[in-house]
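Participant: What follows is a structure written as C-alpha cells; I'll ask about it next.
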Amino acid sequence: MAWGPPTTQTDGASDMADGLRLLDAVHDHVTSFDDPAFYWFCRYVRGRVGSPEYAGGELDAPVDGRVLIERPGEHRGCVVMVEGTLRAIRSYEVSNRPGVETLQQAEVELTDGSICTVVVPVEASAVSIGNRVRAKGVFIKIRRYATKSGVQGDGPLVVAPSLSVMTTRSEASSPISRLTDGRWI
Numbered sequence: 139m140a141w142g143p144p145t146t147q148t149d150g151a152s153d154m155a156d157g158l159r160l161l162d163a164v165h166d167h168v169t170s171f172d173d174p175a176f177y178w179f180c181r182y183v184r185g186r187v188g189s190p191e192y193a194g195g196e197l198d199a200p201v202d203g204r205v206l207i208e209r210p211g212e213h214r215g216c217v218v219m220v221e222g223t224l225r226a227i228r229s230y231e232v233s234n235r236p237g238v239e240t241l242q243q244a245e246v247e248l249t250d251g252s253i254c255t256v257v258v259p260v261e262a263s264a265v266s267i268g269n270r271v272r273a274k275g276v277f278i279k280i281r282r283y284a285t286k287s288g289v290q291g292d293g294p295l296v297v298a299p300s301l302s303v304m305t306t307r308s309e310a311s312s313p314i315s316r317l318t319d320g321r322w323i
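Residue numbering for the sequence shown follows the numbering used here, starting at 139 and increasing by one per position.
Here you go:
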C-alpha cells in the first residue's frame, strides 16, 4: 500500500522518498487535505517526536506564509518553522486510516495575516486560544478554508510533532478582542 505506514528501515532517506512521491499527487487551493500524503506524513512525524530535525531553536526564523502560498512547490515536503497566534484548536479521531489515530488541528494566524493549519499527530500540550505559538514541521500544501462568516482564504498546511507556546494570551501585544473581521475558522 503506497500510503501505508513508513517503512522501518534505518535509512530515513528511503522512508522520506516514499512520502515525497505521494506529495506529487497533492493539489493546492482545495478545501480537503484528505490526501494519502497527508496521512503518510502524520504517521511519519508521529514516529519522529523528539527528533532533532523538529526541535525549534531560538535562532530558527519562522517562514513567511506568503512565501509558501506563492511558491508551494518549492517548499512541499520541507521542514518549516511557523509562528503566530492560535485562533482555533480541536481534536478528532481518524478511524479509517490505520496508524493515524487522534489528530489535533490548530489554526494559527501568521504574522502576514494568513491562517496556517498545523496538524499535530500526537497529543498536544495544553494551549489556549490567543497564545503565541510556534511549530516546526513538514509543509504539505496550501489549503483553502472558509471562516464561519463565509470568507474564503488560502493558507499553509503543516504536520508538526508539537505546538509550543511562546507567550500566553495575557502576554500578547495585540489582544484578540481587537479582531473584528470574522476571519477565524
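Glycine included, C-beta positions come from ideal geometry on N, C-alpha and C.
Helix, strand or coil for G291? Go by DSSP, reduced to three states.
Facilitator: strand
Participant: Nearest to R282 by alpha carbon, out of K274, T255 and V218?
Facilitator: T255
Participant: For G194 and C180, I'd like the C-alpha separation in whole angstroms.
Facilitator: 19 Å
Participant: Thinking C-beta only, is R214 closer than 8 Å to K274?
Facilitator: no
Participant: For P236, does the count of other Cβ atoms within 10 angstroms reach 16, so buried, or fall short, so exposed?
Facilitator: exposed
Participant: Run the CB neighbour count on A155, radius 10 Å, all protein chains shown included, and call it buried at 16 or more, exposed below.
Facilitator: exposed
Participant: If you follow the beta strand (DSSP E) that I207 is part of, which residue opens it and which one closes it?
Facilitator: Where I207 is concerned, there is no enclosing beta strand (DSSP E), although the alpha helix (DSSP H) it sits in stretches over G203 to E208.
Participant: Any idea if D153 is buried or exposed, counting beta-carbon neighbours within 10 angstroms, 16 or more meaning buried?
Facilitator: buried
Participant: Could you give the DSSP three-state label for G237: helix, strand or coil?
Facilitator: coil
Participant: For my contact list, M219 and P200 are in at a C-beta cut-off of 8 Å; report their separation, rounded to the angstrom.
Facilitator: 5 Å
Participant: Are the region 225–236 and the region 244–259 in contact at 8 Å, needing three or more beta carbon pairs?
Facilitator: yes
Participant: Beta strand (DSSP E) containing Y283: first to last residue?
Facilitator: R270 to A284
Participant: Considering only C-alpha positions, which residue in the set V183, D292, Y192 and W178 is nearest to E245?
Facilitator: D292
Participant: Quick check: what's the CA-CA separation for T285 versus T240?
Facilitator: Roughly 24 Å separates the two Cα atoms.
Participant: Specify, as a first and last residue, the run of the beta strand (DSSP E) that R225 falls within.
Facilitator: V217 to V232
Participant: Quick one: what does DSSP say R264 is sitting in, helix, strand or coil?
Facilitator: Note that residue 264 is Ala in the sequence shown here, rather than Arg. Here A264 sits in coil by DSSP.
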